[in-house]
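What follows is a single structure, written as structure tokens, with notes after it.
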Amino acid sequence: MLSTRARTLPASSTAALDAHVKSLLADGADVVNLTGGELDFPTPDQACDGGRQAISRGLTRYTPVAGIGPLREAVARRLETHWGCSYAAAQIVTTNGAKQALAQLFTVLCDPGDEVILQAPYWVSFPHMIRLAGATPVVVDTADTGFKLTPELLRAHITPSTRVMLLNNPSNPTGVVYDRQELLALARVAVEHDLVIVSDEIYGDLVHEGATFTSVASLGPDIAERTVTVGGFSKTYAMTGWRIGFAAAPLPVAAALTAVQGHTSSAPSSISQYAALAALTGDTDVELARRAAELNTRRTLMRDGLAALPPLRLAAEPQGGFFALVDVRGLYRHPDDDAGTVARDLLEHAGVAVMPGRDFGAPDLVRLSYAVGAEDIAQALHRISTHLKTINDRRIP
Ligand code: PLP
């Protein structure tokens, strides 16, 4: 019954593992879950009030496909004030999560056979979205360049079919943040080769001490005019379930996105749009700063804890978002072991659930989320440490 596209599309492995771990927990298993992609913070009160008021005021009808005017204006204003990008409200399309913005973008930007350059390790959904749109993902291994695409690597992968350079900054799963000069150098190559830049900046507000976030579209008008900035409310405001994201795009791209969305899902939930508007216009800055400080503490706990657990090796300094990527090759015992073997071992024998990297294009790495509380992080590190000692003792004759 299935099309080739559907037959070859695996279900999201990250969502599947997260669901498996949650069902183990529901059955009473003693597991610290570090697989998740959502912060444990609650949605800010201002946003919840905005949603509640939308319901009580009967704002429960279809809205314009690209979203209500005040929300599009508020998103444009925030992009200007926080990230230095100048998009007009007409260039903002609100979507059912950043995920929908990204999925629709590849349909809008690519014809069958067009190529999209992205780096590995990548967010698990990128290659599938690109293929569903009929385009081809061209994956660039960045293990030797600090998990960053470089102008040299980019140039080496450009062909006459290349349409899009896809960036994810800060990155899931590497936690790496590009600096301004690195982004400028990449953007110049994109300009030279007439590529569209799609920049997934959903973690742009979650950058830790020691790193500075730069939005690609802030780098100059010649770059902004070919850049689509994707963002959302899931991470910054801990609003994963509300499903609100956006694309800020050159006008023809925004219009085409709106047309695709109009014929598929229509606008995102009106209630969620009003909640998002309240998150942006309410006084959330103090609370967001408190959360950023807490996330920074968790990052440091995770980073320093992992550094003390050889043979595990932190693959990159986590600078933004809430993931640490760890090289687990030191734990392999058989030639066919991979990060999946280690992840299974940690789940079964240490009671710690981590995400193996195969589906991120990183078969020797596991991803640990520090979106959970400090106590859980400390407990997970303690369990892993005890497990490593047990393995070591077994190895000593
Ligand atoms: N982009 C990246 C890199 C992500 O990690 C995620 C969520 O995990 C998303 C986009 C999608 O976010 P949402 O659809 O919840 O806005």
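Residue numbers for the sequence shown follow this note's numbering, beginning at 1319 and rising by one. Using N, Cα and C, we set each Cβ at its ideal position, and we do this for glycine too.
DSSP places asparagine 1614 inside the alpha helix (DSSP H), whose first and last residues are 1603-1625.
A residue is called buried when at least 16 other Cβ atoms come within 10 angstroms of its Cβ; tyrosine 1380 does not meet this threshold and is exposed. Per DSSP, alanine 1565 is not a residue of any alpha helix (DSSP H); the beta strand (DSSP E) it occupies stretches across 1563-1566.
With fewer than 16 other CB atoms across the displayed protein chains lying within 10 angstroms of its CB, aspartate 1358 is exposed. Nearest C-alpha to proline 1681 among Asp1432, Ala1438 and Pro1629: Ala1438. Look at threonine 1558: its beta carbon is less than 7 Å from one of the heavy atoms in ligand 1.
For methionine 1483, the enclosing beta strand (DSSP E) covers residues 1480-1486. Rounded to whole angstroms, alanine 1593 and threonine 1618 show a C-alpha spacing of 32 Å. Beta-bridge pairing by DSSP links alanine 1438 to Asp1459.
Put simply, the stretch 1438-1458 does not touch the stretch 1663-1670. Fewer than three CB pairs are less than 8 Å apart. Annotation for isoleucine 1410: the continuous beta strand (DSSP E) segment containing it runs 1410-1413.
At least 8 Å separates the beta-carbon of threonine 1399 from that of proline 1586. Rounded to whole angstroms, the separation of the alpha carbons of proline 1568 and serine 1536 is 14 Å. Ile1410 is the residue among Ile1410, Ala1406, Leu1343 and Asp1345 whose C-alpha sits nearest the C-alpha of alanine 1574. For valine 1660, the enclosing alpha helix (DSSP H) has its first and last residue at 1657-1663. Taken through DSSP and simplified to helix, strand or coil, glycine 1368 comes out as helix.
Within the same chain, Cβ atoms closer than 7 Å to the Cβ of arginine 1396 are found at Leu1598, the five residues on either side in sequence being excluded.
Under DSSP, the beta-bridge partners assigned to aspartate 1645 are Arg1631 and Leu1683. The beta carbons of valine 1534 and valine 1571 sit no closer together than 8 Å.
Relative to ligand 1, the beta carbon of leucine 1420 is positioned inside 7 Å of a heavy atom.
For aspartate 1711, the CB stays at least 7 Å from every heavy atom of ligand 1. Here DSSP, grouped into helix, strand and coil, assigns isoleucine 1386 to coil.
Fewer than three pairs of CB atoms, one per stretch, sit closer than 8 Å, so the stretch 1603-1615 makes no contact with the stretch 1490-1500. A residue is called buried when at least 16 other Cβ atoms come within 10 angstroms of its Cβ; lysine 1707 does not meet this threshold and is exposed.
Using a Cβ-Cβ distance cut-off of 8 Å, the stretch 1472-1484 and the stretch 1619-1629 are not in contact, since fewer than three pairs of beta carbons, one from each stretch, lie closer than that value. DSSP places valine 1534 in the helix class (H, G or I) of the three-state scheme.
When rounded, the separation of the alpha-carbon atoms in threonine 1554 and glycine 1369 is 17 Å. For valine 1339, the secondary structure class from DSSP, reduced to helix, strand or coil, is helix. Looking from the CA of alanine 1633, the closest CA among Thr1480, Ala1642 and Ala1626 belongs to Ala1642. Restricting attention to Trp1441, Thr1468, Phe1424 and Val1350, the CA atom closest to the CA of alanine 1453 is found in Phe1424.
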